[in-house]
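Position 185 (the sequence shown) corresponds to 337 in my numbering; numbering is contiguous.
Every residue gets a Cβ at the ideal spot worked out from N, C-alpha and C, and that includes glycine.
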Amino acid sequence: METAIGVFDSRENAEAAVKELLQKHVPQESIVFLTLSESEAMSFGKEIGSYAGGFIGGAVGTTAAVVGATLALIPGFGQVFALGVGGAALLGYLGSKAGGTLAKGISEDPSAPKTASPLMAGEEGAHLLEVLKQGRSVIVVRTDFKEVAAAACGVLDKLGLGKQAPTASKSETAVRKSGDVAIIDARGRIAFGEGVTKLREAVANLVASGAKKVVLNLKEVDYVDSSGMGEIVRSHMAMKKQGGQLKLSNLSKMVSELLHATGMHKVFDIHSDETAATHSFGAGGMGSGAS
């Protein structure tokens with residue numbers, strides 16, 4: 153499963169991204185839009201509903217209607233809106249994990265489906281709440297099809313925050329040990345294709361070996377696209393699901409700027425260097441990290 157994450161600071165750019173995703177034949181059921189703004193959710197839903205004939209809720213032929221929009225009141229966080237076939241289930245999960253939920257559809261079309269495709273694991277979505285806190289909106293595309301993922305990455309990378317110039321560097325990962333901590337040295341590109349695959353394989357091998365403490369060293373990474381961002385989030389969750397932790401260290405200037413521009417620096421446990429990251433495991437639990 154390929155995951156691409158785009159972060160936006162304006163409804164206009166997010167709206168343009170969804171329209172272009174549809175033009176590129178990215179299936180509606182692969183897309184979810186998350187925001188804290190009710191007015192943004194309503195306006196966005198009306199505009200996209202009119203543009204795509206109600207594509208978000210699947211109500212073909214509906215125009216100027218808010219379709220497939222879901223609200224969840226998450227204890228300790230507040231309200232979150234999701235547009236997309238997978239939105240209802242995702243927000244229901246987030247609310248239940250926080251201790252309770254009031255999730256409801258706000259669609260004007262009663263025939264709009266509220267069931268979700270397996271768009272993204274709920275725990276991955278939970279981490280994106282930190283991005284929403286920064287006043288940004290998020291579009292997530294998750295698909296089993298490589299060509300769809302490639303098209304989605306192209307759109308999200310072009311229109312989302314943290315735009316970078318692609319590099320031609322080679323993707324490499326190497327794993328070494330420092331005591332009981334595994335260090336993944338990533339170099340070059342963490343991007344759709346080889347870069348994402350190499351990181352995924354490295355993390356999968358560590359998970360299979362029972363590793364609990366992992367540091368991702370990003371000192372020599374010069375490009376991360378929307379697919380690479382999605383893979384780092386997924387790697388983080390893969391470790392967490394088996395009772396381990398993945399921390400980031402030695403952020404290159406490019407990676408640091410990208411994470412801060414998108415608000416993703418709040419999602420990860422980040423340390424200034426490898427020594428700080430490895431020592432933080434001994435402190436018990438997640439440290440506050442260095443940004």
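query, result
"Quick check: F160 and S189, are their CB atoms within less than 9 Å of each other?", "no"
"Contact between the segment 290–302 and the segment 363–372: three or more CB pairs below 8 Å?", "no"
"Three-state secondary structure (DSSP) at K171?", "helix"
"Report all residues from its chain with a CB closer than 6 Å to the CB of E192; omit the five preceding and five following residues, and keep chain order.", "R163"
"Can I384 and I342 be called in contact, C-beta distance under 9 Å?", "yes"
"In this structure, does DSSP put Q286 in helix, strand or coil?", "coil"
"Identify which residue in S378, V407, I335 and L358 has its Cα closest to the Cα of K399.", "I335"
"Which stretch, first to last residue, makes up the alpha helix (DSSP H) that contains V300?", "K298 to L311"
"Quick check on the DSSP output: what are the complete beta strand (DSSP E) runs of length 3 or more inside the segment 358–422, in order along the chain?", "365–376 and 397–401"
"Between F420 and the rest of its own chain, which residues show a CB-CB distance below 6 Å, the 5 nearest in sequence each way excluded?", "L400"
"Report yes if the CB atom of A166 is closer than 9 Å to the CB atom of S323, and no otherwise.", "no"
"Would D374 and S321 qualify as a contact pair, given that the criterion is a beta-carbon distance under 9 Å?", "yes"
"Do S330 and E372 have their C-beta atoms within less than 9 Å of each other?", "no"
"Use the C-beta contact count for R339: other C-beta atoms within 10 angstroms, 16 or more gives buried, fewer gives exposed.", "buried"
"Just reading off the alpha helix (DSSP H) that E154 is part of, what are its end residues?", "Taken as a continuous stretch (DSSP letters only), E154 belongs to no alpha helix (DSSP H), being part of the beta strand (DSSP E) at E154 to F160."
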